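Single-structure report; data block below.
2 protein chains.
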Amino acid sequence: MDKTPLYREVAGRIAALVAGGTFKTGDRLPSIREMSRQAQVSINTVKVAYSHLEDQCLIEARPQSGYYVCPRSLQLPKEPKINRLGIGPQEISSSKLVMRLMRDTTDAGMVQFGAAIPDPKLIPAQKLGRLLAGASRSHAAESAGYSTSPGSKYLRSQIARWMLKAGCTLNPEELIITTGASEAVFLALQVLCKPGDTVAIGSPIYFNFVQMLQLLGLKVIEIPTSPVEGLHLDSLRHALRTSSIACCLVISNYSNPLGSSLTDGGKQELVAMLAGAGVPLIEDDINGDLGHNDERPSVAKAWDRDGNVLLCSSFSKTLAPGYRVGWIAPGRYHEATLHRKLVSNIASASPTQLAIAEFLASGGYAHHLRVIRKAYAGKLARMADAIGRYFPTGTRITRPTGGFSLWLELPEDVDTVALYSRAESQHITIAPGRIFSSGDGFRNCLRLNGAFWSEENRWAVQSLGRMAEELCRKPPIESLEP
Amino acid sequence: MDKTPLYREVAGRIAALVAGGTFKTGDRLPSIREMSRQAQVSINTVKVAYSHLEDQCLIEARPQSGYYVCPRSLQLPKEPKINRLGIGPQEISSSKLVMRLMRDTTDAGMVQFGAAIPDPKLIPAQKLGRLLAGASRSHAAESAGYSTSPGSKYLRSQIARWMLKAGCTLNPEELIITTGASEAVFLALQVLCKPGDTVAIGSPIYFNFVQMLQLLGLKVIEIPTSPVEGLHLDSLRHALRTSSIACCLVISNYSNPLGSSLTDGGKQELVAMLAGAGVPLIEDDINGDLGHNDERPSVAKAWDRDGNVLLCSSFSKTLAPGYRVGWIAPGRYHEATLHRKLVSNIASASPTQLAIAEFLASGGYAHHLRVIRKAYAGKLARMADAIGRYFPTGTRITRPTGGFSLWLELPEDVDTVALYSRAESQHITIAPGRIFSSGDGFRNCLRLNGAFWSEENRWAVQSLGRMAEELCRKPPIESLEP
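Chains V and D, in that order, are what the protein sequence lines are. 246 is the number of the first residue of the first sequence in the numbering used here; add one for each residue after it. 246 is the number of the first residue of the second sequence in the numbering used here; add one for each residue after it.
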């Protein structure tokens, strides 16, 4: 909840002028000096604003000439609609597709546009390795010796301190370290629900959450989520009035797969609404540190007054997925969550906890985030641009403000499970829309992992676009018969 | 299933002579030369045999004089009876005690006779730390980058190779790496059972397994286990005939808490019986590498012909509990187990997997085991001796041949939960018998963690003995009234 810096305000105004058509593709922008005068800000602020817009591929500098509006800003496809009614309650179906997708991630020969894996080049592996080695030396006993949940106190203190940026005052004693955010959410669901219960989820939602609900024998009410404004609160309100709901699971910031967030007001309303209904909220904030505009948005937990919010996150997207360090602040469900964690596996591995605690303590994390936020913003902008070029007319695409996933809505007759199979044979993996819901929706949607965008992988986007085009044009099966 | 070396045969014969009274406490044994002639083995073999018996505190060398039978061998209390009828099916009760016990383990000011924690001095923390650092350098990407289950192939290959010693031919593809053996068993139970199902367990059994059964809403039939011969197979046969059982959970080697094992024949019979009944076996072999006689016993899985055995183990007792590296070979339940692992937490941490794989590959593990097996044998022998001295008359005690736990049966009127509370106030933690069962049994029993035996902790055994004595003598509450 940092205050918006001036340069971002200026950049925002310019972006609005471009969006509104004041400056069109190829137009030259006012010089830095001119803009400084017009906007009544310092020359330096304009420089930073222009450079920010460059990172987002909105404008480009041409040597000896000035700044120009990039072509891409107009080619970019529309945002997806997603405004259908909520689905449910209903039982969830099969899991084969998700297992295949997970297995694809271990295949180094594939272009990893499927699972939301961070770019290996943006993982500070060497630095973390040194910290890991250091911790094993200086804390040999703590590192190898008996460990039990809630996990490293040092790490819990560092997380509590970090989360102040998200408006959240946590005591280290409230936190439990988990094996990634997945375990955090899985524990929370098990603590709050018994088989047959109904869970309200933002939809579409991370496919592994759908798997969890299925494994636990839970029913689902899917609350529509806007690619721009996040969870549709009125739909949730309606569901709370009409159904008996055991808990609500929401990705509050840069949601997976849509990339949209609730505003502060929205979060506050969500927390109040659920507290009023006596329904606990599982809040997943795994992408919270990955805002492209270098801001740290609030978490809903910041407005939690009675321990009704179970906040879950991890360092798997920002630092090192292989370290498997996540956490949960389970509010008034602390004792039950701790018990379930102890029974499930006693504790998560110690050495990686210590290494990440050191990383946070050293201040290295904040610097690292600045680097990767910018990098992911750039990757998504360039990938979106490529999609605009190569995908069939009618394709819609999200404009996430954080994280590194893009969500695409293809023309209605394209089945993205078919696209997945074709792509797999070309050594490209994608995440078909169907697995992001408990129902049959999103069949013409897909999520792409923008972290693996690079010019070298442009061919893969081009290839996906061609395959999608073919699936569009494919005549219905009947007409193949004479 | 190594062949018994000659020195151990000789040592066994001498131990039998001591047990039979041929040599009594304080008697001088034949000199090494004499014994070599009598037993028709080399002088060196006798030397090693005597040294082995010394480690077990059966005999002692007196300088310039020879070898003598130690006093302790006669003072050692009898073995516990434990021959009651099976309990169940019934619901399981509370968990507060276990959470308190787990919390005690993080208190450095306490004597850790409670949880079965290895001796920190016997954890190769520095060596593992170096391997951890090495792996993070040479496999930076694999270590920090995205990882997914089934986990490190390198580690799985090393485990498969190692388990050949237990008569078990495993393909690395059959294995799934878990967060300790606890997660392995928890996954297996979830895959095999639904709430309300009945599980047959060896009893008494590791308290966390009792917690798991409770959390999962399972019913329990407790099959009596002998402190000498392991699981009572006839009781299991009876249970299989009379109840509908979803699966059977057994610690086959050096069971926790009793320390007894099934013979090869017993294991074979167990596997055949369960396969015949169509009931899967979850086999926990966590102590399998900790045989005091330096042998590696077989696992029941070695006789599994149709994938009916789900074998679980870890390196938490032998190498580093904090690394949380365990594994499961789930037989024909591989796909279901892998799916549940992926959904639960995607994967366990990578760096510690790589470090342990290196440890195994380097041959360091076998050497390390020789050292710690001997150390734990000695610790248990000395602790048992101290218990014999300080505990009330009528106390019975196990003679485990592996692992590092001792199980005590105190006079019937001693409530070990009361003893636990008193001991806690003296900064000693123990594991009361009650938590090792789903029922009300074992109220006068307790498990002591022998890994923390040392002369410096003798006062704690003495103190426990005194408290137990007081609890024995305490007049019944009625008689306090005039």
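Beta carbons: idealized from backbone N, C-alpha and C, even for Gly. Note that the coordinates shown come from a computational prediction; the quantities given were computed from them, not determined experimentally.
How far does the beta strand (DSSP E) with residue i in it extend, from its first residue to its last?
i, result
"arginine 307(D)", "304 to 307"
"isoleucine 446(D)", "443 to 448"
"serine 558(D)", "554 to 559"
"isoleucine 421(D)", "421 to 424"
"asparagine 694(D)", "690 to 694"
"phenylalanine 697(V)", "Segment: none, phenylalanine 697(V) is in no beta strand (DSSP E) and carries neither H nor E."
"glutamine 357(V)", "356 to 358"
"glycine 311(V)", "311 to 314"
"serine 392(V)", "Counting along the chain, serine 392(V) falls outside any beta strand (DSSP E), and DSSP gives it neither H nor E."
"glutamate 540(D)", "Careful: glutamate 540(D) lies outside any beta strand (DSSP E) and carries neither H nor E."
"alanine 676(D)", "673 to 677"
"valine 465(V)", "464 to 471"
"glutamate 654(D)", "650 to 654"
Any beta-carbon of chain V closer than 8 Å to the one on residue i?
i, result
"alanine 385(D)", "yes"
"phenylalanine 358(D)", "no"
"phenylalanine 681(D)", "no"
"isoleucine 478(D)", "Position check: residue 478(D) holds leucine in this sequence, whereas isoleucine was assumed. Leucine 478(D) does not count as touching chain V."
"alanine 378(D)", "yes"
"proline 525(D)", "no"
"glutamine 371(D)", "yes"
"methionine 355(D)", "no"
"alanine 389(D)", "yes"
"glutamate 701(D)", "no"
What are the boundary residues of the alpha helix (DSSP H) that includes residue i?
i, result
"valine 286(D)", "First-last for valine 286(D): undefined, no H or E at that position."
"alanine 574(D)", "Unbroken run through alanine 574(D) is the beta strand (DSSP E), 570 to 574; no alpha helix (DSSP H)."
"arginine 634(D)", "609 to 635"
"lysine 341(V)", "341 to 349"
"tyrosine 665(D)", "661 to 670"
Answer with yes or no whether the minimum CB distance from residue i to chain D is below 8 Å.
i, result
"valine 465(V)", "no"
"asparagine 532(V)", "no"
"alanine 411(V)", "no"
"serine 497(V)", "no"
"asparagine 453(V)", "yes"
"serine 392(V)", "yes"
"leucine 693(V)", "no"
"phenylalanine 431(V)", "yes"
"glycine 425(V)", "yes"
"alanine 705(V)", "no"
"serine 563(V)", "The question names serine, yet the displayed sequence has threonine at residue 563(V). No, threonine 563(V) does not count as interfacial toward chain D."
"methionine 712(V)", "no"
"valine 382(V)", "The identity of residue 382(V) in the sequence shown is arginine, whereas the question assumes valine. Closer than 8 Å to some Cβ of chain D, the Cβ of arginine 382(V) qualifies, so yes."
Considering only residues of the same chain and omitting the five flanking positions on each side of residue i, which have a CB-CB separation below 6 Å?
i, result
"alanine 405(D)", "Leu415 and Pro417"
"alanine 433(V)", "Ile527 and Leu555"
"alanine 429(V)", "Thr423, Cys557, Gly571 and Ile573"
"methionine 408(D)", "Leu415"
Short of 7 Å in beta carbon distance, which residues of its chain neighbour residue i, apart from the five on each side in sequence? Order them along the chain.
i, result
"glycine 639(V)", "Pro656"
"valine 554(V)", "Val516, Leu526, Glu528, Ala545, Lys546 and Gly576"
"cysteine 717(V)", "Pro637, Pro656, Asp658 and Val659"
"asparagine 694(D)", "Gln357, Phe358, Gly359, Ala360, Ala361, Ile362, Phe649 and Ser650"
"aspartate 300(V)", "Lys619, Ala622 and Gly623"
"glycine 447(D)", "Ile468, Thr470, Leu476, Val495, Ile496 and Ser500"
"leucine 461(V)", "Leu434, Gln435, Cys438 and Pro440"
Tell me which residues share the same chain as residue i and place their Cβ nearer than 8 Å to its Cβ, disregarding the 5 neighbours each side in the sequence.
i, result
"arginine 307(V)", "Tyr313"
"alanine 620(V)", "Asp364 and Leu367"
"serine 536(V)", "A small correction: the amino acid at residue 536(V) is glycine; serine does not occupy that position in the sequence shown. Excluding residues within five positions, the ones whose Cβ falls inside 8 Å are Asn498, Tyr499, Pro542, Arg618, Thr646 and Gly647."
"histidine 384(D)", "Leu599"
"phenylalanine 697(V)", "Val356, Gln357, Phe358, Ile362 and Asp364"
Please confirm whether residue i has its beta-carbon closer than 8 Å to some beta-carbon of chain B.
i, result
"glycine 441(D)", "Chain labels in this structure do not include chain B; the protein chains are V and D."
* Asked: Along the chain, which unbroken stretches of the alpha helix (DSSP H) at least 4 residues long are found entirely within the stretch 482 to 528 of chain V?
  -> 509 to 522
* **Contact list for the stretch 600 to 626 of chain D against chain V, Cβ threshold 7 Å** => none
* Return the residues of the stretch 627 to 646 of chain V that lie within a Cβ-Cβ distance of less than 7 Å from chain D, sorted by chain order. => none
* When you check each C-beta in the stretch 566 to 594 of chain D against every C-beta of chain V, which residues fall closer than 9 Å? -> Pro566, Gly567, Tyr568, Arg569, Val570, Gly571, Glu580, Leu583, His584, Arg585, Leu587, Val588, Ser589, Asn590, Ile591, Ala592, Ser593 and Ala594
* Start-end ranges of the alpha helix (DSSP H) lying completely within the stretch 573 to 604 of chain V, minimum 4 residues -> DSSP runs (the alpha helix (DSSP H)) wholly in the stretch 573 to 604 of chain V: 579 to 590.
* Residues of the stretch 661 to 687 of chain V with Cβ closer than 8 Å to any Cβ of chain D, in chain order -> none
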